[in-house]
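Reviewing the structure listed below.
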Amino acid sequence: MTLSLWGQSKASNFNDPSVQALFSLIKKSVYQPPRSTDILLQEFIARGSNDSDVATVYESIALYRWQQSATSQGKPYQIYYLNPTVETTPTAAIVRRDVDDSTANAAKKFLDFLTQPEQQAVLVQYGFRPVNNSVDLKAVPNSPWSKNIPGAEVKPTVQTLPPPNADALGEIQRLWERAN
6 MTLSLWGQSK ASNFNDPSVQ ALFSLIKKSV YQPPRSTDIL LQEFIARGSN DSDVATVYES
66 IALYRWQQSA TSQGKPYQIY YLNPTVETTP TAAIVRRDVD DSTANAAKKF LDFLTQPEQQ
126 AVLVQYGFRP VNNSVDLKAV PNSPWSKNIP GAEVKPTVQT LPPPNADALG EIQRLWERAN
């Protein structure tokens, strides 16, 4: 997602030489792409500011790991919201193929259970934004949004772009593989 946003900020298409140069610079600067953004942030925290300057991770991970940073580094990191940004929304679906009605009904009950305020509050405690709009981010006990985390915002004032389509993702992967 970060490469997509950076690429869009430099030019209107990924074939622009400035985008190719950006990808090359980034690839030279990244010593090893992590398996997940959570692992990236844990390494960022463990190694400290002498090892890297910035980590681009999901908001939930930045909020959840913040206290770990404050403890191990003696001071917390600052959260910045990319502008523009891409919102990723966890989704669920009940696939009707090869599923009988009772299994589909059980799945629907489970999804209904997950969207109830009590379960949404648990997700908020881990830094996820609720899908149930009746859940107040700051009112949930142990909510990261009530802990005065530097830079954390309940309602970030950023432009939200749609996620890149399959063609754009393919082009990003191709540019990354070609970058030297």
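Numbers in the working numbering are just positions in the sequence shown, counted from 1, shifted up by 5.
Think of the CB as a built atom: it goes at the ideal place given N, C-alpha and C, for glycine as much as any other residue.
Just so we're clear, the structure is a prediction, and the values are computed from it rather than from any experiment.
Residues of its chain near residue i, where Cβ-Cβ distance is below 7 Å and the 5 sequence neighbours each way are ignored
i	result
V140	P122, Q125, A126 and V129
V145	A126, V129 and Q130
Within 9 Å, strictly: CB atoms of residue i and residue j
i	j	result
A26	L45	no
V100	P169	no
G156	Y86	yes
P89	L180	no
S77	A51	yes
E64	G132	yes
L142	V159	yes
F49	I177	no
G53	F28	no
Q72	Q47	no
I66	T42	yes
DSSP beta-bridge partners of residue i
i	result
V91	L166
When the options are compared against residue i, the one with the closest alpha-carbon
i	options	result
V136	T162, K80 and P95	P95
M6	P161, V62 and W150	V62
F115	A97, D43, L30 and P38	A97
N138	A171, S34, P149 and T120	T120
Close Cβ partners of residue i (< 8 Å) along its chain, the five nearest in sequence each way excluded
i	result
A75	P81
Problem set entry | Complete alpha helix (DSSP H) runs within the stretch 33-89 (minimum length 4 residues, chain order) | 42-52 and 64-78
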